[in-house]
Amino acid sequence: MREKTMNKISVCKKFKKGDRVVAITGNDRGKAGTILRCSGDRVVVQGLNVRKKHVKKSEQNPAGGILPFEQSIHVSNLKLCVAEDKGVKLRTRVDQNGDRELYYKLDGQDVTYRSLKNSNSKKS
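Put into structure tokens, the structure is as follows:
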């Protein structure tokens with residue numbers, strides 16, 4: 000609903016569907032999960048920010064009742080989870096070809112995570 004009112008929607012460039020992330024703030028701080036879907040600068044993570052919804056009886060849900068579901072989380076509250084549910088900070092840099100890439104530091108070494116599309120390249 001919020002996305003429809005905005006003219007320009009920012010896109011999350013650091014995380015993609017299927018990435019494993021850990022929450023760094025909020026009630027679920029320290030918990031890890033997998034990204035289910037991305038929407039602008041918010042993502043839905045499996046097992047994080049779980050809320051409950053009261054549902055009426057219907058054909059799809061004949062019993063009705065209270066159902067748990069995951070609410071979206073802002074990307075600033077997440078870090079990439081590499082190993083052992085420990086978050087790492089993603090940084091950007093430009094490689095020799097002029098393409099931008101995401102990397103993180105692990106034990107003093109730079110580890111390339113993935114490359115980003117170069118949006119500033121000129122078409123000739």
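First residue of the sequence shown: 0, per numbering that gives the first Met the number 0; consecutive thereafter. Quick reminder that beta carbons are idealized off the backbone N, C-alpha and C, glycines included. Small disclaimer: the values here were computed from a predicted structure and weren't measured.
Buried or exposed: which applies to residue i, given that a residue is buried once 16 or more other Cβ atoms fall within 10 Å of its Cβ?
| i | result |
| --- | --- |
| Leu66 | exposed |
| Val10 | exposed |
| Ala82 | exposed |
Please state the DSSP three-state secondary structure of residue i.
| i | result |
| --- | --- |
| Ser38 | strand |
| Ser75 | helix |
| Arg113 | strand |
| Pro61 | coil |
| Lys16 | coil |
Which residues share a DSSP beta bridge with residue i?
| i | result |
| --- | --- |
| Arg90 | Tyr102 |
| Gln108 | Leu105 |
Among residues of its own chain, excluding the 5 on either side of residue i, which ones have a beta-carbon nearer than 6 Å to its beta-carbon?
| i | result |
| --- | --- |
| Val124 | This structure does not reach residue 124, given that the chain is present from 0 up to 123, and the question cannot be answered. |
Looking only at its chain, what residues have a beta carbon closer than 7 Å to the beta carbon of residue i, apart from the 5 residues adjacent to it on each side?
| i | result |
| --- | --- |
| Lys12 | Leu115 |
| Gln45 | Gly32, Thr33, Leu35 and Glu69 |
| Leu89 | Lys13, Leu79, Leu101, Tyr103 and Tyr112 |
For residue i, I'd like the list of residues in its chain whose CB is within less than 8 Å of its CB, leaving aside the five on either flank, ordered along the chain.
| i | result |
| --- | --- |
| Arg92 | Arg99, Glu100 and Tyr102 |
Query raised in the report: Is it true that the region 94-102 meets the region 34-54, where meeting means three or more beta-carbon pairs spaced less than 8 Å apart?
Result: no
Query raised in the report: Quick one: any contact between the region 101-112 and the region 29-36, if contact means 3 or more CB pairs under 8 Å?
Result: no
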